[in-house]
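Okay, structure first, notes after.
Residue numbers (full-length UniProt numbering): 1 to 728.
Put into structure tokens, the structure is as follows:
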């Protein structure tokens with residue numbers, strides 16, 4: 001990429017393509033500008049700090065646009081005398097994105113190396129994820145972060161008051177936020193300290209009329225002052241920490257979004273951010289008794305899929321080896337938190353089903369989930385309102401305060417809360433029965449907890465682990481007698497923990513999973529309905545989670561590998577790849593990673609650089625019918641953040657590819673072509689072969705293809721004209 005040139009005085013918005021720099025045979029112009037690396041970041045290429053708004057509109061170039069897909073631009077080395085054609089959807093889309101980046105950095109005109117527009121698409125996406133998307137998705141609960149969060153309408157009550165709740169006992173943190181409220185009166189921020197038992201269901205329900213955000217972990221800086229720790233959010237519209245999303249980001253950095261983002265952060269060298277996410281987990285468990293669905297008051301009774309131990313061990317293995325004692329103490333804090341969450345939440349009723357000894361997504365709570373849109377449950381509530389001859393609003397008020405009793409409705413919302421806790425909202429697999437299901441995914445995660453805790457105690461802590469915080473341990477063995485009210489309970493501080501007791505818990509859980517969840521005839525794991533006392537028959541990608549956790553036998557693993565289905569969600573992809581690799585099925589893991597990355601990169605190239613939450617694995621498209629839309633679609637000119645766990649899946653997925661496979665993905669070689677398979681018979685896939693005919697018909701009929709939203713897509717020329725007309 002070439003640097004912007006100040007010598008040429010042209011109209012704002014003029015772009016020069018320097019094909020002659022890439023091909024030194026050109027002549028006939030002034031001296032060529034200095035060339036920077038083709039894959040240099042925007043800040044290096046354009047210089048300075050971003051200055052422009054990031055308001056989002058639908059202004060992209062995609063394969064749904066008709067027209068010639070070509071624009072002629074002057075070359076820099078000929079002083080714009082000669083022209084060079086930018087052709088094709090991908091290069092035009094990249095040109096539009098570069099124009100937007102240049103505008104962000106206040107450039108009036110730019111010179112581009114043509115190689116930047118033709119950059120390897122997989123490399124371009126990986127570069128954007130590592131150097132741009134993660135930074136855009138990072139938040140902090142400091143003064144600036146509070147300013148943003150307070151302006152989020154989700155964090156204000158109907159009285160236009162923003163609230164921030166600080167845990168019991170965190171006096172310095174309370175003073176820190178009170179000072180922010182004092183210095184920024186325009187925020188109208190109320191800082192409130194929570195009671196010690198802040199997750200009591202009745203107390204949490206009392207906060208529905210005065211919702212707010214919950215404080216997260218902080219550390220003391222070198223000057224002794226508190227500093228907010230960073231965390232990653234799933235997408236641009238989020239300002240709070242959603243834990244299911246964060247996990248995937250770490251594996252790269254590293255289906256918990258904080259977990260998957262953290263996995264990606266590790267891959268991308270962001271150990272600091274991954275470590276901070278673990279610190280946030282430990283803070284939440286210390287004060288809220290669980291890793292929360294998100295840091296808002298109405299999530300105080302609700303957790304998310306649990307990945308604390310796996311993430312903590314992955315971070316621990318990458319810490320500075322010259323500080324062994326410091327690293328050991330950090331891991332002690334993370335493992336202590338995981339043990340508390342295990343005993344206080346997942347292995348207590350109602351989450352635990354004592355009869356089977358397996359756990360469920362069955363959070364405490366009552367009433368209607370307050371985080372939903374006002375009309376979300378109208379179709380459910382209308383018959384009950386009519387029964388009591390009330391308006392919908394009056395019925396909601398009387399039902400929530402307990403004046404009206406409707407057991408069937410109680411069950412419905414119990415299952416709804418369970419679905420939300422599972423991280424798989426919404427899914428027919430869980431709808432109207434989630435709270436009764438001992439699920440494959442949750443029990444795989446808890447098996448991994450048990451093995452990880454046992455391994456850490458044995459290998460890092462000399463087979464003796466002392467807990468400092470006192471709390472009741474869940475009874476062992478799991479029997480109805482041990483869980484009866486008044487039965488004696490062991491305290492966490494009674495004696496040091498040994499690895500043997502955790503290995504025994506893992507062994508017992510595997511036995512129960514084999515008894516209740518494994519279906520030998522079908523060679524798959526299924527959820528178990530504890531109320532109906534039978535397995536469900538819903539096939540889901542979570543059947544592969546035991547591979548990730550390591551609780552499947554070799555025979556079970558072999559049968560699971562033979563099951564195939566279009567994986568559509570990034571967390572399931574990552575779990576499947578890692579699980580298959582664990583059991584030695586590297587070929588299958590690489591094949592699935594290739595299929596997923598091909599779809600993501602294909603969509604990225606064809607749809608203007610889009611990276612979204614969900615994909616249509618059959619149609620190889622981002623156009624999906626989702627309850628809340630497909631996050632990551634609506635952006636202006638270029639995506640500046642992608643979507644958290646999909647970013648993670650790309651960074652992690654390339655680790656499973658050979659050099660040849662990576663090159664083939666970059667060249668958009670389809671899986672059936674690369675693996676020499678017949679083209680699938682699905683019409684959506686075959687229609688790709690007819691794309692030229694589709695666009696030709698649209699052009700002939702003078703009717704442009706529409707997006708699913710019904711909005712006409714702008715032509716490239718219109719988008720460029722919009723950029724030119726904007727104030728620089």
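Idealized CB from N, CA, C, for every residue including glycine.
Extent of the continuous alpha helix (DSSP H) to which residue i belongs
| i | result |
| --- | --- |
| residue 332 | 324 to 341 |
| residue 620 | Element bounds for residue 620: n/a, residue is neither H nor E. |
| residue 171 | 171 to 183 |
| residue 110 | Unbroken run through residue 110 is the beta strand (DSSP E), 110 to 112; no alpha helix (DSSP H). |
| residue 201 | 201 to 206 |
| residue 575 | 570 to 582 |
| residue 144 | 143 to 150 |
| residue 265 | 264 to 267 |
| residue 418 | 407 to 422 |
| residue 557 | 554 to 561 |
Backbone CA spacing between residue i and residue j [nearest angstrom]
| i | j | result |
| --- | --- | --- |
| residue 654 | residue 662 | 7 angstroms |
| residue 438 | residue 115 | 53 angstroms |
| residue 65 | residue 132 | 27 angstroms |
| residue 431 | residue 380 | 13 angstroms |
| residue 348 | residue 556 | 29 angstroms |
| residue 152 | residue 161 | 11 angstroms |
| residue 92 | residue 149 | 36 angstroms |
| residue 404 | residue 390 | 11 angstroms |
| residue 86 | residue 77 | 16 angstroms |
| residue 230 | residue 219 | 11 angstroms |
| residue 587 | residue 205 | 50 angstroms |
| residue 546 | residue 329 | 30 angstroms |
| residue 402 | residue 482 | 32 angstroms |
| residue 251 | residue 451 | A caution first: residue 251 carries a pLDDT of 39, below 50, which makes its placement in the model unreliable, though a value can still be read off. One C-alpha to the other measures close to 19 angstroms. |
| residue 548 | residue 570 | 14 angstroms |
| residue 531 | residue 386 | 30 angstroms |
| residue 260 | residue 448 | 16 angstroms |
Endpoints, beta strand (DSSP E) assigned at residue i
| i | result |
| --- | --- |
| residue 451 | Taken as a continuous stretch (DSSP letters only), residue 451 belongs to no beta strand (DSSP E), being part of the alpha helix (DSSP H) at 440 to 459. |
| residue 163 | 162 to 166 |
| residue 223 | No beta strand (DSSP E) holds residue 223; DSSP gives it neither H nor E. |
| residue 83 | 83 to 87 |
| residue 129 | It is not in any beta strand (DSSP E) - residue 129 carries neither H nor E in the DSSP assignment. |
| residue 730 | What the structure shows of the chain is the stretch from 1 to 728, and residue 730 is not part of that stretch, so it cannot be assessed. |
Within 8 angstroms, strictly: CB atoms of residue i and residue j
| i | j | result |
| --- | --- | --- |
| residue 96 | residue 61 | yes |
| residue 264 | residue 651 | yes |
| residue 368 | residue 413 | yes |
| residue 529 | residue 436 | yes |
| residue 679 | residue 642 | no |
| residue 216 | residue 241 | yes |
| residue 732 | residue 606 | Residue coverage of the chain in this structure runs from 1 to 728, which leaves residue 732 outside it and unanswerable. |
| residue 137 | residue 232 | yes |
| residue 562 | residue 521 | no |
| residue 314 | residue 266 | yes |
| residue 210 | residue 168 | no |
| residue 192 | residue 146 | no |
| residue 287 | residue 473 | no |
Among the options, nearest to residue i - alpha-carbon criterion
| i | options | result |
| --- | --- | --- |
| residue 214 | 584, 116, 164 and 125 | 164 |
| residue 201 | 400, 487 and 283 | 400 |
| residue 123 | 670, 675 and 666 | 666 |
| residue 543 | 534, 531, 532 and 514 | 514 |
| residue 104 | 676, 173 and 639 | 639 |
| residue 584 | 552, 608 and 283 | 552 |
| residue 346 | 444, 378, 384 and 261 | 444 |
| residue 281 | 149, 143, 548 and 338 | 338 |
| residue 492 | 198, 459 and 336 | 336 |
| residue 419 | 407, 434 and 449 | 434 |
| residue 135 | 659, 644, 660 and 677 | 644 |
| residue 609 | 285, 237, 129 and 70 | 129 |
| residue 110 | 117, 120, 119 and 99 | 99 |
| residue 506 | 258, 262 and 478 | 478 |
| residue 307 | 461, 575 and 183 | 575 |
| residue 394 | 326, 408 and 378 | 378 |
| residue 237 | 190, 613, 274 and 674 | 613 |
| residue 285 | 456, 309 and 620 | 309 |
| residue 318 | 268, 351, 333 and 490 | 268 |
Check: Any contact of the segment 538 to 549 with the segment 480 to 499, i.e. 3+ C-beta pairs under 8 angstroms?
Finding: no
Note to self: Within 8 angstroms, do at least three Cβ pairs link the segment 468 to 479 to the segment 599 to 613?
What the structure shows: no
Check: Any contact of the segment 352 to 370 with the segment 297 to 306, i.e. 3+ C-beta pairs under 8 angstroms?
Finding: yes
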